[in-house]
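Asks: For what it's worth, this note's numbering labels the leading residue of the sequence shown as 1355, then goes sequentially. Backbone N, C-alpha and C define an ideal beta-carbon position, used for all residues, glycine too. Predicted model, so just to flag it, every value in this text is computed and none were measured. I am attaching a structure below and will ask some questions about it afterwards.
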Amino acid sequence: MTDISTPFLSDVTELRRRARLHIERGAITPDYKLDLARAIDVLNQALATEIVCVLRYKRHFYTARGLSKDSVANEFLEHANEEQEHADKIAERITQLGGAPDFNPTGLTSRSHSEYTEGDDLVDMIKEDLIAERIAIESYREIIRYFGENDPTSRRLIEGILAVEEEHANDMLDLLAEHGPSN
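Following this line, the structure appears as C-alpha coordinates:
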(Lines of atoms letter the chains of each structure in order from A and count residues from 1; the text may use other names and numbers.)
(Lines give C-alpha, C1' and ligand atoms only; values in the text may rest on other atoms or scores of the structure.)
Protein backbone atom coordinates (compact mmCIF):
# COMPACT_ATOMS: atom_id res chain seq x y z
CA MET A 1 0.00 0.00 0.00
CA THR A 2 1.23 3.47 -0.92
CA ASP A 3 1.63 6.12 1.74
CA ILE A 4 -0.60 8.95 0.47
CA SER A 5 1.02 11.44 2.84
CA THR A 6 4.24 11.24 0.79
CA PRO A 7 4.20 13.93 -1.89
CA PHE A 8 4.28 12.78 -5.51
CA LEU A 9 6.89 15.39 -6.35
CA SER A 10 10.13 15.04 -4.49
CA ASP A 11 10.58 18.72 -3.70
CA VAL A 12 7.51 20.89 -4.19
CA THR A 13 9.26 23.88 -2.65
CA GLU A 14 12.01 23.66 -5.28
CA LEU A 15 9.44 23.21 -8.05
CA ARG A 16 7.64 26.35 -6.89
CA ARG A 17 10.93 28.28 -6.72
CA ARG A 18 11.94 27.25 -10.26
CA ALA A 19 8.49 28.18 -11.59
CA ARG A 20 9.10 31.76 -10.47
CA LEU A 21 12.42 31.95 -12.33
CA HIS A 22 12.43 33.01 -15.95
CA ILE A 23 8.66 33.43 -16.17
CA GLU A 24 9.22 35.21 -19.48
CA ARG A 25 9.91 31.75 -20.96
CA GLY A 26 6.26 30.73 -20.54
CA ALA A 27 5.83 26.99 -20.93
CA ILE A 28 9.56 26.31 -21.20
CA THR A 29 10.72 25.18 -17.79
CA PRO A 30 14.20 24.12 -16.71
CA ASP A 31 13.34 20.45 -17.24
CA TYR A 32 12.89 20.89 -21.03
CA LYS A 33 15.56 18.52 -22.29
CA LEU A 34 15.77 19.20 -26.03
CA ASP A 35 17.80 21.85 -27.81
CA LEU A 36 15.04 24.45 -28.05
CA ALA A 37 16.31 26.04 -31.27
CA ARG A 38 16.50 22.62 -32.93
CA ALA A 39 12.99 21.67 -31.74
CA ILE A 40 11.61 24.92 -33.19
CA ASP A 41 13.47 24.27 -36.46
CA VAL A 42 11.98 20.77 -36.68
CA LEU A 43 8.51 22.21 -36.13
CA ASN A 44 9.12 24.94 -38.72
CA GLN A 45 10.03 22.23 -41.22
CA ALA A 46 6.76 20.46 -40.41
CA LEU A 47 4.97 23.80 -40.78
CA ALA A 48 6.51 24.31 -44.23
CA THR A 49 5.48 20.77 -45.17
CA GLU A 50 1.89 21.47 -44.21
CA ILE A 51 1.82 24.81 -46.06
CA VAL A 52 3.16 23.19 -49.23
CA CYS A 53 0.51 20.48 -48.90
CA VAL A 54 -2.22 23.12 -48.52
CA LEU A 55 -1.02 24.87 -51.67
CA ARG A 56 -0.76 21.66 -53.68
CA TYR A 57 -4.21 20.43 -52.61
CA LYS A 58 -5.73 23.85 -53.34
CA ARG A 59 -4.22 23.87 -56.81
CA HIS A 60 -5.54 20.38 -57.42
CA PHE A 61 -8.97 21.45 -56.19
CA TYR A 62 -9.12 24.33 -58.64
CA THR A 63 -7.54 22.58 -61.62
CA ALA A 64 -9.22 19.15 -61.44
CA ARG A 65 -10.94 18.24 -64.71
CA GLY A 66 -12.96 15.35 -66.07
CA LEU A 67 -16.12 13.41 -65.33
CA SER A 68 -15.07 12.60 -61.75
CA LYS A 69 -13.69 16.04 -60.99
CA ASP A 70 -16.34 17.11 -58.49
CA SER A 71 -15.97 14.20 -56.06
CA VAL A 72 -12.17 14.16 -56.34
CA ALA A 73 -11.87 17.95 -56.12
CA ASN A 74 -14.02 17.94 -52.98
CA GLU A 75 -11.61 15.42 -51.44
CA PHE A 76 -8.70 17.70 -52.38
CA LEU A 77 -10.43 20.66 -50.71
CA GLU A 78 -11.18 18.67 -47.56
CA HIS A 79 -7.54 17.67 -47.33
CA ALA A 80 -6.36 21.24 -47.96
CA ASN A 81 -8.50 22.44 -45.06
CA GLU A 82 -7.19 19.71 -42.75
CA GLU A 83 -3.59 20.49 -43.73
CA GLN A 84 -4.28 24.15 -42.89
CA GLU A 85 -5.52 23.09 -39.46
CA HIS A 86 -2.27 21.15 -39.00
CA ALA A 87 -0.23 24.20 -40.00
CA ASP A 88 -2.13 26.35 -37.51
CA LYS A 89 -1.56 23.87 -34.67
CA ILE A 90 2.14 23.60 -35.46
CA ALA A 91 2.49 27.40 -35.61
CA GLU A 92 0.79 27.67 -32.22
CA ARG A 93 3.16 25.10 -30.73
CA ILE A 94 6.17 26.97 -32.11
CA THR A 95 4.99 30.12 -30.32
CA GLN A 96 4.44 28.13 -27.10
CA LEU A 97 8.09 27.14 -27.31
CA GLY A 98 9.06 30.80 -27.67
CA GLY A 99 9.82 30.59 -31.38
CA ALA A 100 8.48 32.34 -34.44
CA PRO A 101 6.53 30.36 -37.04
CA ASP A 102 8.31 30.71 -40.38
CA PHE A 103 5.68 31.66 -42.97
CA ASN A 104 8.22 33.34 -45.25
CA PRO A 105 7.49 32.11 -48.79
CA THR A 106 11.18 32.44 -49.67
CA GLY A 107 12.64 28.99 -49.15
CA LEU A 108 9.30 27.42 -48.29
CA THR A 109 9.82 24.44 -50.58
CA SER A 110 13.38 23.90 -49.34
CA ARG A 111 12.13 23.78 -45.72
CA SER A 112 9.28 21.43 -46.64
CA HIS A 113 9.71 17.68 -46.58
CA SER A 114 7.17 17.23 -49.39
CA GLU A 115 7.35 18.71 -52.84
CA TYR A 116 4.99 21.00 -54.67
CA THR A 117 4.14 18.98 -57.79
CA GLU A 118 1.17 19.97 -59.86
CA GLY A 119 0.34 16.83 -61.85
CA ASP A 120 -0.82 16.76 -65.47
CA ASP A 121 -4.25 15.21 -64.99
CA LEU A 122 -6.55 13.96 -62.24
CA VAL A 123 -4.71 10.64 -61.81
CA ASP A 124 -1.32 12.41 -61.68
CA MET A 125 -2.69 14.79 -59.06
CA ILE A 126 -3.92 11.89 -56.94
CA LYS A 127 -0.54 10.14 -57.28
CA GLU A 128 1.38 13.29 -56.34
CA ASP A 129 -0.82 13.81 -53.29
CA LEU A 130 -0.36 10.17 -52.26
CA ILE A 131 3.42 10.52 -52.62
CA ALA A 132 3.36 13.70 -50.52
CA GLU A 133 1.30 11.99 -47.82
CA ARG A 134 3.76 9.08 -47.75
CA ILE A 135 6.64 11.53 -47.34
CA ALA A 136 4.80 13.29 -44.49
CA ILE A 137 4.04 9.97 -42.80
CA GLU A 138 7.65 8.86 -42.82
CA SER A 139 9.10 12.22 -41.79
CA TYR A 140 6.52 12.69 -39.02
CA ARG A 141 7.38 9.27 -37.60
CA GLU A 142 11.00 10.46 -37.39
CA ILE A 143 9.87 13.70 -35.73
CA ILE A 144 7.85 11.71 -33.20
CA ARG A 145 10.95 9.69 -32.32
CA TYR A 146 12.96 12.91 -32.04
CA PHE A 147 10.55 14.46 -29.53
CA GLY A 148 10.02 11.19 -27.66
CA GLU A 149 9.63 11.69 -23.94
CA ASN A 150 11.65 14.93 -24.01
CA ASP A 151 8.77 16.98 -25.46
CA PRO A 152 5.56 14.96 -25.09
CA THR A 153 3.35 17.90 -26.11
CA SER A 154 5.04 18.30 -29.49
CA ARG A 155 5.18 14.52 -29.88
CA ARG A 156 1.42 14.17 -29.27
CA LEU A 157 0.71 17.03 -31.66
CA ILE A 158 2.66 15.35 -34.45
CA GLU A 159 1.15 11.96 -33.58
CA GLY A 160 -2.33 13.43 -34.08
CA ILE A 161 -1.29 14.98 -37.38
CA LEU A 162 0.31 11.69 -38.45
CA ALA A 163 -2.99 9.86 -37.91
CA VAL A 164 -4.74 12.29 -40.28
CA GLU A 165 -1.93 12.02 -42.84
CA GLU A 166 -2.37 8.24 -42.80
CA GLU A 167 -6.10 8.74 -43.44
CA HIS A 168 -5.23 11.08 -46.32
CA ALA A 169 -2.90 8.48 -47.83
CA ASN A 170 -5.64 5.89 -47.61
CA ASP A 171 -8.12 8.31 -49.24
CA MET A 172 -5.69 8.94 -52.10
CA LEU A 173 -5.09 5.21 -52.52
CA ASP A 174 -8.87 4.67 -52.74
CA LEU A 175 -9.16 7.45 -55.33
CA LEU A 176 -6.29 5.98 -57.30
CA ALA A 177 -7.96 2.57 -57.28
CA GLU A 178 -11.20 4.16 -58.44
CA HIS A 179 -9.77 6.50 -61.10
CA GLY A 180 -6.40 4.97 -61.96
CA PRO A 181 -5.28 3.56 -65.30
CA SER A 182 -6.84 0.12 -64.74
CA ASN A 183 -10.36 1.62 -64.66
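So does the stretch 1494-1503 actually touch the stretch 1435-1446, counting three or more Cβ pairs closer than 8 Å?
Replies: They do not touch, by the three-pair rule.
Asks: What residues in its chain sit with their C-beta under 8 Å from that of E1436, if we drop five residues either side in the sequence?
Replies: V1518 and H1522
Asks: Using only the alpha-carbon positions, how far apart do K1387 and A1393 sit?
Replies: 10 Å
Asks: Where does H1553 fall in DSSP's three states?
Replies: Not covered by the structure: residue 1553. The range shown for the chain is 1355 to 1537.
Asks: Name the two residues that bound the continuous alpha helix (DSSP H) containing F1415.
Replies: L1390 to T1417
Asks: Roughly how many angstroms separate the alpha carbons of R1374 and E1404, rounded to a whole number?
Replies: 36 Å
Asks: Under 8 Å Cβ to Cβ from L1476, same chain only, skipping five residues before and after it: list those, please.
Replies: A1418, R1419, G1420, S1422, K1423, V1426 and H1533
Asks: Whole angstroms are fine: how far does the CA of D1365 sit from the CA of A1400?
Replies: The C-alpha of A1400 lies about 37 Å from the C-alpha of D1365.
Asks: Exposed or buried, S1464, counting other C-beta atoms within 10 Å across all chains shown (16 or more means buried)?
Replies: Counting Cβ neighbours within 10 Å, S1464 comes out exposed, since fewer than 16 surround it.
Asks: Less than 8 Å between the beta carbons of E1429 and L1527, yes or no?
Replies: no
Asks: Check whether the Cβ atoms of G1473 and H1433 lie closer than 8 Å to each other.
Replies: no
Asks: Measure the Cβ-Cβ separation of H1467 and I1489 and say whether it is below 8 Å.
Replies: Cβ atoms of H1467 and I1489: closer than 8 Å.
Asks: For N1524, name the three-state secondary structure that DSSP assigns.
Replies: Residue state, collapsed to three classes: helix.
Asks: Need the endpoints of the alpha helix (DSSP H) that F1457 sits in, please.
Replies: It is not in any alpha helix (DSSP H) - F1457 carries neither H nor E in the DSSP assignment.
Asks: Are the CB atoms of R1379 and G1452 within a distance shorter than 8 Å?
Replies: yes
Asks: So which of P1455, D1478, L1484 and I1515 has the shortest CA-CA distance to A1391?
Replies: P1455
Asks: From the DSSP output, in three-state form, read off E1469 for me.
Replies: Looking at E1469 - three-state DSSP - the assignment turns out to be coil, as it is neither helix nor strand.
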